[in-house]
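In this note's numbering, the protein residues as written are 82 to 318. Presented below is the structure to which this report refers.
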Ligand SMILES: Nc1ncnc2c1ncn2[C@@H]1O[C@H](COP(=O)(O)OP(=O)(O)O)[C@@H](O)[C@H]1O
Ligand SMILES: [Mg+2]
């Protein structure tokens with residue numbers, strides 16, 4: 082019953098997009114998923130009101146600092162997968178959600194500003210590991226990358242992460258218009274007509290590869306970073 086939290090204090094790094102793609106890819110396979118939509122913009126809850134939401138996907142919006150722990154426990158009873166789309170800030174709700182997570186996914190657009198946001202997210206995970214005296218598996222997900230373009234910033238950030246033994250998803254969520262559009266179309270990528278969407282199959286393959294990697298990470302808890310990272314101050318800055 083894994084609880085997967087998408088976290089980074091950096092707004093716009095791709096938490097909500099990654100949460101929806103993960104949720105829909107799991108749900109369209111018939112896997113039960115509950116999304117706790119803790120993003121104040123409630124984009125996933127809004128998406129859920131559009132047609133073609135897979136029946137095995139439930140969205141619950143607006144958990145609060147007071148309710149989040151109970152909301153997570155309840156969702157765990159109801160669905161095999163719980164996905165929490167967190168707000169782009171560091172508050173108690175975010176800290177509680179991280180404390181309960183079996184995997185924290187930290188999306189990172191390869192830019193300096195996003196890297197600082199990811200460094201803060203890594204620090205928050207480290208604090209929660211100390212506070213609750215448990216290891217919290219976590220991994221960085223590169224988002225909005227462009228095929229065949231490896232910028233200097235990207236290379237620099239990847240090297241720093243690797244040096245600090247922080248797990249990075251092999252799959253990047255590439256920059257794709259359809260990932261944006263899904264929030265207005267509703268449903269899953271698989272419901273869309275390839276005639277209407279440029280490179281739809283590539284987008285589906287990319288989202289599936291991401292979901293597949295998440296499943297293997299939660300099934301093998303030693304894959305993602307679990308060590309209490311010691312020197313994060315210098316990481317990614
Ligand atoms: N892989 C992607 N391809 C295209 N657009 C993306 C991708 N990831 C995020 N976006 C766009 O970037 C913006 C911020 O993404 P979002 O997922 O809302 O970030 P966050 O939840 O971290 O604030 C949105 O307009 C979203 O549509
Ligand atoms: Mg968001």
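Backbone N, C-alpha and C fix where the C-beta goes; we use that ideal spot for every residue, glycine too. Treat the numbers as computed from the prediction; the structure is a model and nothing was measured.
- Residue 110 has its CB no nearer than 7 Å to any heavy atom of ligand 1.
- In this structure, 196 is the residue among 257, 196, 218 with its C-alpha nearest to the C-alpha of residue 239.
- Residue 163 is positioned such that its CB atom lies no closer than 8 Å to that of residue 88.
- Distances taken from the Cβ of residue 94 to the heavy atoms of ligand 1 include one shorter than 7 Å.
- In this structure, the straight-line span from the alpha carbon of residue 263 to that of residue 147 is close to 31 Å.
- Per the DSSP secondary-structure output, residue 167 pairs with nothing in a beta bridge.
- Counting along the chain, the unbroken beta strand (DSSP E) around residue 223 starts and ends at 219-226.
- Distances between the C-beta of residue 258 and the heavy atoms of ligand 2 are all 7 Å or more.
- Boundaries of the alpha helix (DSSP H) harbouring residue 285: 281-300, taken from the DSSP string.
- Its Cα nearest to that of residue 301, the residue 219 stands out among 102, 219, 144.
- For residue 139, the uninterrupted beta strand (DSSP E) segment begins and ends at 138-142.
- A Cβ-Cβ distance of about 6 Å is found for the pair residue 150 and residue 177, placing them in contact under the 8 Å criterion.
- Secondary structure of residue 175 (DSSP, three-state): helix.
- Non-local C-beta neighbours of residue 217 in its own chain, meaning closer than 7 Å and more than five positions away in sequence, comprise 179, 182, 185, 206, 209, 210, ordered along the chain.
- Taking a contact as a CB-CB distance under 8 Å, the pair residue 188 and residue 269 does not count as one, their CB atoms being some 20 Å apart.
- Here the stretch 98-111 makes contact with the stretch 287-298; the two share three or more CB pairs at distances below 8 Å.
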